[in-house]
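Once you know that position 190 of the sequence shown is 190 in full-length UniProt numbering, the rest is easy, because the numbers rise by one and skip nothing.
All C-beta atoms, glycine included, are put in the ideal place defined by N, C-alpha and C.
No experiment lies behind these values; they were computed from the predicted model shown.
The next block holds one structure in the form of structure tokens; read it before the comments.
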Amino acid sequence: MISQHLSSSFTSITCNFIGIDSSMKELFTFYSNFKDNGCMIGICGMGGSGKTTLARVFYEKFHSYFEGSSFIANVREYSEKFDLLQLQQLLLANILEEKDADIRNVYHGVNMIKKRLCQKKVLIVLDDVNKLDQLENLAGEHGWFGLGSLIIITTRDKHLLDHHGVHKIYKPNPLNSDDTLKLFCLKAFKKEQPNEGYMQLSQDVVCYANGYPLALITFGSFLLGRTMDTWKSALDIFKKFPKKEIFDTLKVSYDGLEDMWKEIFLDVACFFRGKMKDQVIEILETCGFDAKIGIQVLMDKSLLTIENDTLQMHDLLQEMGKEIVRQESREEPGKRSRLWLRKDLFHVLMNKTASKTIQAIVLDRPGGDEAYQHIESYSEVFSKMCNLRLLIIDNVHILKGLNHLSNKLRLLDWHGYSSKCLPSRFQSKELVELKLQFSKIEYLWRGVKYLDKLKLINLGHSLNLIRTPDFTGFPRLETLCLRGCINLVEIDRSIGGLSKLTVLNLEFCRSLTNLPSSMDGLSFLICRGCEKEIFKSTLDSVHHEFENSAVVKATKIMGTYDDSNMAEHSASWSFPGETERDLDSLAVA
Ligand SMILES: Nc1ncnc2c1ncn2[C@@H]1O[C@H](COP(=O)(O)OP(=O)(O)O)[C@@H](O)[C@H]1O
Ligand SMILES: [Mg+2]
């Protein structure tokens, strides 16, 4: 039955892809010979050769013929960040269509997979595998699964497949010369044939792509709308790389970008692949980049895609971005523009090798219990990073407090900041967001600081916070979150002068004893779990002044002071068109 389907409507799903039908048929034929048992096929080849695409198209086409299926994308990247146990959970959840299985550890996970799937005919794709333990813990043998199951593994490492003992190792065929030209032209000319006069140039360029789809697509997008001179100089550059290393050839597209788009590309490659597009745009705009345009430009150049509202980038392009940053200084992370690995950050902090080259530090996963006592005594650690614009870190403890932080910072997000205040000299005129959730902050600083651009302060869950700063110097402040600051007694009266403040979250500020009586412009006041009395005058005046505005709605709905009412009221908390969660994220930002 599957074979009939294969031949009848085969091209419908593959029409966006060029030359893929023959590979699909080959894979399918191989599976047919095995299907009475169970079959493992490896797809192996260089990055950008079309492995994931082939596996994805095959999966889309055939998964409904199996009793359960799971496509696990980016295994390599995922397992660098998380535990394999989570991938086991995902696999089981996809196939059994259940919520996350309760798996205690990876050994238990293996047993669960065997036990629950041994009778099921499943289709599993493990995409971009790079370590044996990923295979051993997700699909150790075909015998783990029911008869007729098919496991497809894509990887760049043939040894891995040999070692794992797959039934067949398949190499995607490089596209033939007609298909190569066609794919290139679709990007470079938006049609299947070159423009007049460009045939020879196109053929010359295509020859450097070695039949690899990724290179063809990025070359084509790079050359779209360019003059003949640019084409010729691109060819000259390609000729410099006789070995045709894909990294070097892809880098031509990057080199052709304007400076600001290069910075955005590197930020995405190092920090933001897979993150929500809108959040990243906000962060990049905070850094002073024209992020919306930049992301569109990178998409037009095929250096970036958007999938389910997240930013995606081919893994090879991401690697190229990281490599460009590494090449800024091969041996010393402190001389690179971006740091994304915890180990590199700690190297820089402990060896005091920071420099003014460092622009951005964003750690790519939450830190665990790693102990880094050495830096705890050294308070000058950030003093040399005078050009730091973006700092998003967590669990970095500097026991004696900091003496210095860059005055170029635009976004400071330090979860669990462990000192009692910020450095007294810190005065970043560019700062837009200040987030120190779960910190040990007692107060931010003494006196008044002028931070003209500051829009958001989040000190949520900072249990030691006793008082807020004077707000006079932050005329643009829009959001203030003090949620869960249970020892906060006082909010500085200057808050009343913040004309742009729209969101004030005081949830569970149980010790709070005052609140200014007038707060013009406030749209959301969240005061669940606070003492009722202190809001009396504020709420009354707010009601009084804004009888018909959203403020009344906001305070009425969110002004549930009493914990005991919480559960009862929570159901009715959503505004029309807004869920409680939206409101929550809005308020906590
Ligand atoms: N047959 C094809 N036709 C058109 N585009 C393709 C084809 N194969 C791959 N691509 C495109 O080439 C790029 C790289 O392919 P991918 O499957 O991600 O490579 P790999 O997994 O080997 O690194 C992707 O953008 C993909 O959409
Ligand atoms: Mg891939």
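### Task
Drop a sphere of 10 angstroms on the beta-carbon of CYS118, count the other beta-carbons inside from all chains shown, and report buried for 16 or more, exposed for fewer.
Translated into the one-based positions of the sequence shown, residue 118 becomes position 118. With fewer than 16 Cβ atoms within 10 Å of its Cβ, CYS118 is classed as exposed.
### Query
For the region 108-126 against the region 136-153, are there 3 or more C-beta pairs whose distance is under 8 Å?
yes
### Query
Are there 16 or more other CB atoms within 10 angstroms of the CB of LYS500, so buried, or fewer, so exposed?
Taking the sequence shown and counting its residues from 1, one reaches residue 500 at position 500. Flag for LYS500 reads exposed.
### Task
Identify whether HIS415 lies in helix, strand or coil by the three-state DSSP scheme.
Working through the sequence shown from its first residue, we reach residue 415 at position 415. Looking at HIS415 - three-state DSSP - the assignment turns out to be strand.
#### Entry: Beta carbon of LYS456 nearer than 8 Å to that of ILE441
On the sequence shown, residue 456 is found 456 positions in, with the first residue counted as 1. On the sequence shown, residue 441 is found 441 positions in, with the first residue counted as 1. Reading the sequence as shown, one finds Leu at residue 456 and not Lys. No.
### Message
Measuring alpha carbon to alpha carbon, tell me which residue in ASP267, LEU349, VAL110 is nearest GLN88.
### Response
Taking the first residue of the sequence shown as position 1, residue 88 is located at position 88. Nearest of ASP267, LEU349, VAL110 to GLN88, Cα basis: VAL110.
### Query
Can you check whether the CB of THR310 is closer than 8 Å to the CB of LYS335?
Within the sequence shown, residue 335 is the residue found at index 335, counting from 1. Within the sequence shown, residue 310 is the residue found at index 310, counting from 1. For LYS335 and THR310, no; Cβs fall outside 8 Å.
### Message
Taking a contact to mean a Cβ-Cβ separation below 8 Å, would you say SER412 touches LEU391 in this structure?
### Response
To locate residue 412, count along the sequence shown from 1; it is residue 412. To locate residue 391, count along the sequence shown from 1; it is residue 391. Rather than Ser, the amino acid found at residue 412 in this sequence is Leu. Contact flag set, yes.
### Query
Among residues of its own chain, excluding the 5 on either side of MET320, which ones have a beta-carbon nearer than 8 Å to its beta-carbon?
Counting from one through the sequence shown, the residue named residue 320 turns up at place 320. Excluding sequence neighbours, MET320 sits near PHE247, LEU250, LYS251, TYR254, ALA269.
### Task
Would you kindly report the start and end of the unbroken alpha helix (DSSP H) that includes ALA234?
Working through the sequence shown from its first residue, we reach residue 234 at position 234. 228-239 is the extent of the alpha helix (DSSP H) around ALA234.
### Task
Can you say whether TYR31 is buried or exposed, counting buried as having 16 or more other CB atoms within 10 angstroms of its CB?
If you number the sequence shown from 1, residue 31 lands on position 31. When all chains shown are included, TYR31 counts as buried.
### Query
In chain order, what residues of the same chain lie with their CB nearer than 6 Å to the CB of LYS35, ignoring the 5 residues before and after it?
Here residue 35 is taken as the residue at index 35 of the sequence shown, counted from 1. The answer, listed in chain order, is GLY148.
### Query
Is it buried or exposed for PHE82, if we count other Cβ within 10 angstroms and need 16 for buried?
Within the sequence shown, the letter at position 82 stands for residue 82. With fewer than 16 Cβ atoms within 10 Å of its Cβ, PHE82 is classed as exposed.
### Query
If you pair each beta-carbon of the region 172-188 with each one of the region 64-78, do three or more pairs fall below 8 Å?
no
### Task
Identify whether GLN327 lies in helix, strand or coil by the three-state DSSP scheme.
One-based indexing of the sequence shown puts residue 327 at position 327. Coil, per DSSP.
### Task
Please classify PHE71: does DSSP put it in a helix, a strand, or coil?
Mapped onto the sequence shown, residue 71 falls at position 71. PHE71 falls in the strand class under three-state DSSP.
### Task
Whole angstroms is fine: what's the gap from CYS287's alpha carbon to ALA360's?
Walking along the sequence shown from the start, residue 287 turns up at place 287. Walking along the sequence shown from the start, residue 360 turns up at place 360. One C-alpha to the other measures close to 10 Å.
### Query
Around the C-beta of LYS301, are 16 or more other C-beta atoms found within 10 angstroms, so that it is buried, or is it exposed?
By one-based count along the sequence shown, residue 301 stands at place 301. Per the 10 Å Cβ criterion, buried.
### Query
What's the C-alpha gap between GLY42 and GLU60?
For the purposes of this step, residue 42 is identified with residue 42 of the sequence shown, where counting begins at 1. For the purposes of this step, residue 60 is identified with residue 60 of the sequence shown, where counting begins at 1. C-alpha separation (whole angstroms): 18 Å.
### Task
Return yes when the C-beta of THR353 is under 7 Å from any heavy atom of ligand 2, and no when it is not.
Here residue 353 refers to the residue found at position 353 when the sequence shown is read from its first residue. Flag unset: Cβ of THR353 not near ligand 2.
### Task
With a threshold of 7 Å, establish whether the CB of ASP315 neighbours any heavy atom of ligand 1.
Within the sequence shown, the letter at position 315 stands for residue 315. Yes - ligand 1 has a heavy atom lying nearer than 7 Å to the Cβ of ASP315.
### Query
Per DSSP, which one or two residues make a beta bridge with CYS481?
Looking up residue 481 in the sequence shown gives position 481. Paired residue(s): ASN458, ASN505.
### Query
Under a three-way DSSP split, which group does ILE281 fall into?
Position 281 of the sequence shown, counted from the start, is the residue given in the question as residue 281. Note: ILE281 maps to helix in three-state DSSP.
### Query
So is ILE306 buried or exposed if we call it buried at 16+ other beta carbons inside 10 Å?
Looking up residue 306 in the sequence shown gives position 306. Exposed is the call here.
#### Entry: Alpha carbon of THR357 to alpha carbon of PHE265, nearest angstrom
On the sequence shown, position 357 is the one that residue 357 refers to. On the sequence shown, position 265 is the one that residue 265 refers to. THR357 and PHE265: Cα-Cα distance of roughly 17 Å.
### Message
Let's test the definition: count the other Cβ atoms within 10 Å of the Cβ of LEU399 and tell me whether it reaches 16, buried, or not, exposed.
### Response
Numbered from its first residue, the sequence shown carries residue 399 at position 399. With fewer than 16 other Cβ atoms within 10 Å, it is exposed.
### Query
Per DSSP, which one or two residues make a beta bridge with LEU250?
For the purposes of this step, residue 250 is taken as residue 250 along the sequence shown, with counting starting at 1. Answer is none; LEU250 lacks a bridge partner.
### Query
Would you say SER51 touches ligand 1, meaning its beta carbon is less than 7 Å from a heavy atom?
As a working note, residue 51 is residue 51 in the sequence shown. Here residue 51 is Lys; the residue named in the question, Ser, does not match the sequence. Yes, the Cβ of LYS51 comes within 7 Å of a heavy atom of ligand 1.
### Query
Shortest alpha-carbon distance to PRO172 belongs to which of LYS131, CYS386, TYR208, LEU54?
Counted from its first residue, the sequence shown places residue 172 at position 172. Residue LEU54 is the option with its Cα nearest to PRO172.
### Query
Just how far apart, CA to CA, sit LYS120 and SER69?
Translated into the one-based positions of the sequence shown, residue 120 becomes position 120. Translated into the one-based positions of the sequence shown, residue 69 becomes position 69. Rounded to whole angstroms, LYS120 to SER69 spans 10 Å at the Cα level.
### Task
Verify the contact flag: ILE113, CB atom, against every heavy atom of ligand 1, threshold strictly below 7 Å.
What you label residue 113 is simply residue 113 of the sequence shown in a count that begins at 1. Because no heavy atom of ligand 1 lies under 7 Å away, the Cβ of ILE113 does not count as near it: no.
### Query
Do three or more CB pairs link the region 154-165 to the region 193-207 at distances below 8 Å?
no
### Task
Count the other CB atoms, across all protein chains shown, that sit within 10 Å of the CB of GLU263; report buried if there are 16 or more and exposed otherwise.
Here residue 263 refers to the residue found at position 263 of the sequence shown. Buried, by the Cβ-count rule.
### Query
How many Å lie between TYR450 and LEU135 at the Cα?
Here residue 450 corresponds to residue number 450 of the sequence shown, with the count starting at 1. Here residue 135 corresponds to residue number 135 of the sequence shown, with the count starting at 1. Roughly 55 Å separates the two Cα atoms.
### Query
When burial is assigned at 16 or more other CB atoms within 10 Å of the CB, is GLN327 buried or exposed?
By one-based count along the sequence shown, residue 327 stands at place 327. Exposed: under 16 other Cβ atoms inside 10 Å.
### Query
For TYR170, which of helix, strand or coil comes out of DSSP?
Mapped onto the sequence shown, residue 170 falls at position 170. Strand at TYR170.
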